[in-house]
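**Student:** The sequence shown begins at 40 in my numbering and counts up by one. Note that beta-carbon positions come from the ideal geometry of N, C-alpha and C, so glycine has one too. Computed from a prediction, not measured in an experiment: that's the story for all the values here. Take this structure, written in structure tokens, and hold onto it; I'll ask about it next.
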Amino acid sequence: MNLKEVSCMSTFMAELIGTMILIILGDGVVAGVLLNKSKAKDAGWIVITFGWGFAVMIAAYVVGHISGAYLNPALTIGFAIAGKLAWSQVFPMILAQMIGAFLGAVVVWLHYLPHWKETDDAEAKLAVFSTGPAIRSSFANLLSEIIGTALLVFVLLAFGAKGLVFADGVQTIAVAFLIVAIGMSLGGTTGYAINPARDLGPRIAHAILPIAGKGSSDWGYAWIPVIGPVIGAILAAVLYMGLF
């Protein structure tokens, strides 16, 4: 289905619902691994990366036929620059993605409601909602987000290149494994936001919600997982157009 043939409201709701599903499953796996008395406690980074990969895959299967399942402002901007998405769709999609990410974070908070007060580590609680650096360095952290997102957007643009044919549904599985691969290979530095909505929407939720024992929402870092992915997406789109 051509996105230009889909009504703005249908696209808006699809991106909202898809991003909400993405965050429920993505932030949900982080909560399961980090929060005390969760049966998944300490399951580790591999579980988190696969959880995020499955989250992207499932959300894409649900709404991809309606909106294309961008679910990511950086990806939305990158595809618009590459001429794969109408610019008139960009702002409504980003707004929908931000709302969906916020609502998804609220659902995760409700789902794990008894576990917040059982967890003393305020940084772990914030990590359920948003990313943070392993070593705090603005330049290095920004560079990590640029590289991770550039890889994501470039590969997704290449997946859609003329002549590259996937069987029905296989491309979505390939995208899921791409998310897992980025997480395993590049995610150890910043937690690989690679998606401004995925980080900012839940970070706002963290700031607003009455989470037991929460600490700072770390707004001093919050610009990096927003600006970095956007820069990475722009660079990837320009590189893709130059090469292909």
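Compare the Cα-Cα distances from residue 232 to each of 249, 246 and 183 and report the closest residue.
**Tutor:** Locating residue 232 in the sequence shown gives position 193, where the first residue counts as 1. The residue with the shortest Cα to Cα distance from residue 232 is 183.
**Student:** Quick one: is residue 155 buried, meaning 16 or more other Cβ sit within 10 Å of its Cβ, or exposed?
**Tutor:** Position 116 of the sequence shown, counted from the start, is the residue given in the question as residue 155. Residue 155 is buried by the Cβ-count criterion.
**Student:** Does DSSP put residue 77 in a helix, a strand or coil?
**Tutor:** As a working note, residue 77 is residue 38 in the sequence shown. If DSSP states are grouped into helix, strand and coil, residue 77 belongs with coil.
**Student:** Does DSSP put residue 283 in a helix, in a strand, or in coil?
**Tutor:** Here residue 283 corresponds to residue number 244 of the sequence shown, with the count starting at 1. Three-state DSSP puts residue 283 in coil, outside helix and strand.
**Student:** Beta-carbon separation of residue 187 and residue 225 under 8 Å?
**Tutor:** Here residue 187 is taken as the residue at index 148 of the sequence shown, counted from 1. Here residue 225 is taken as the residue at index 186 of the sequence shown, counted from 1. In contact: residue 187 and residue 225 (Cβ atoms closer than 8 Å).
**Student:** Contact check, residue 162 vs residue 75 under 8 Å by CB: the rounded distance?
**Tutor:** Counting from 1 along the sequence shown, the entry for residue 162 is found at position 123. Counting from 1 along the sequence shown, the entry for residue 75 is found at position 36. Residue 162 to residue 75, Cβ: 13 Å. No contact.
**Student:** In chain order, which continuous runs of the alpha helix (DSSP H) of length 4 or greater are located wholly inside the segment 100 to 144?
**Tutor:** 112 to 120
**Student:** Quick one, are the C-beta atoms of residue 139 and residue 54 less than 8 Å apart?
**Tutor:** As a working note, residue 139 is residue 100 in the sequence shown. As a working note, residue 54 is residue 15 in the sequence shown. Yes, the Cβ-Cβ distance between residue 139 and residue 54 is below 8 Å.
**Student:** Evaluate residue 164 with the Cβ neighbour count: other Cβ atoms within 10 Å of its Cβ, from every protein chain shown; 16 or more gives buried, anything less gives exposed.
**Tutor:** Indexing the sequence shown from 1 puts residue 164 at position 125. Answer is buried; the Cβ neighbour count reaches 16.
**Student:** Rounded to whole angstroms, what is the Cα-Cα separation between residue 40 and residue 246?
**Tutor:** As a working mapping, residue 40 is identified with position 1 in the sequence shown. As a working mapping, residue 246 is identified with position 207 in the sequence shown. Unreliable placement is indicated for residue 40, whose pLDDT of 42 sits below 50; no coordinate value is reported for it.
**Student:** On the CB-based measure, 16 or more other CB atoms within 10 Å of its CB, does residue 237 come out buried or exposed?
**Tutor:** Numbered from 1 along the sequence shown, position 198 holds the residue referred to as residue 237. Around the beta-carbon of residue 237, 16 or more other beta-carbon atoms lie within 10 Å, marking it buried.
**Student:** Please find out if some non-hydrogen atom of the ligand ZN comes closer than 7 Å to the beta-carbon of residue 64.
**Tutor:** You won't find the ligand ZN in this model; it holds no ligand whatsoever.
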